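Worksheet: the structure to be examined is printed underneath.
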Amino acid sequence: RPITCEVGILPRAHGSGLFTRGQTQVLSVATLGRASEEQILDGLDDEHTKRYIHHYNFPAYSVGEVKPVRGPGRREIGHGSLAERALVPMIPSEEEFPYTIRVVSEVL
17 RPITCEVGIL
27 PRAHGSGLFT
37 RGQTQVLSVA
47 TLGRASEEQI
57 LDGLDDEHTK
67 RYIHHYNFPA
77 YSVGEVKPVR
87 GPGRREIGHG
97 SLAERALVPM
107 IPSEEEFPYT
117 IRVVSEVL
């Protein structure tokens with residue numbers, strides 16, 4: 017199945033793209049924040065921060081199902097983590113690009 021990509025879909029966002037493969041469409045939106053807006057991850061011993069965060073949403077209506085809207089499931093967490101790990105090597109260092117990056121990918 018061919019894939020098509022369109023960029024600049026949402027003019028007010030820092031970045032956006034619509035990805036289509038077959039009947040599946042994903043709208044990804046990127047926003048930037050200050051370096052101080054990093055996500056704080058609490059651990060048992062110490063605290064870590066993340067400056068690149070990728071959220072992946074796969075609502076039931078995108079596959080024609082009717083289910084209650086709840087928190088993210090295993091699929092959403094796993095796919096978001098996979099996308100995040102794939103893109104992390106492309107993120108410039110904090111010295112070169114001192115911003116927090118949040119990407120939300122929404123299956124339509």
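The sequence shown lines up with residues 17 to 124 when you count with this note's numbering.
Glycine residues also receive a C-beta, built at the ideal position from the N, C-alpha and C atoms.
Note that this is a predicted model, so its numbers are computed, not measured.
Rounded C-alpha distance that separates residue i from residue j
{"i": "Glu-100", "j": "Ala-51", "result": "18 Å"}
{"i": "Ile-56", "j": "Leu-124", "result": "29 Å"}
{"i": "Ala-102", "j": "Pro-84", "result": "30 Å"}
{"i": "Arg-86", "j": "Val-104", "result": "28 Å"}
{"i": "Cys-21", "j": "Glu-111", "result": "30 Å"}
{"i": "Leu-60", "j": "Ile-19", "result": "43 Å"}
Pair within 7 Å by beta-carbon distance, residue i and residue j
{"i": "Tyr-129", "j": "Ser-121", "result": "An answer regarding residue 129 cannot be provided, because it is not within the stretch 17 to 124 covered by the chain."}
{"i": "Thr-47", "j": "His-30", "result": "yes"}
{"i": "Val-119", "j": "Ser-32", "result": "no"}
{"i": "Thr-116", "j": "Gly-49", "result": "yes"}
{"i": "Arg-67", "j": "Glu-54", "result": "yes"}
Given residue i as reference, the closest of the options once Cα atoms are compared
{"i": "Arg-17", "options": "Gln-39, Arg-28, Gly-33 and Leu-34", "result": "Gln-39"}
{"i": "Gly-92", "options": "Met-106, Pro-75 and Val-79", "result": "In the sequence under discussion, the amino acid at residue 92 is Glu, which differs from the Gly named in the question. For Glu-92, the nearest C-alpha among the options comes from Pro-75."}
{"i": "Leu-34", "options": "Val-82, Pro-27 and Val-42", "result": "Val-42"}
| Which runs of the alpha helix (DSSP H) fall wholly inside the stretch 65–123 and span at least 4 residues, in chain order? | 90–103
| In the stretch 30–68, which residue ranges form an unbroken beta strand (DSSP E) of at least 3 residues, counting only runs that do not cross its ends? | 31–37, 40–50, 55–58 and 63–66
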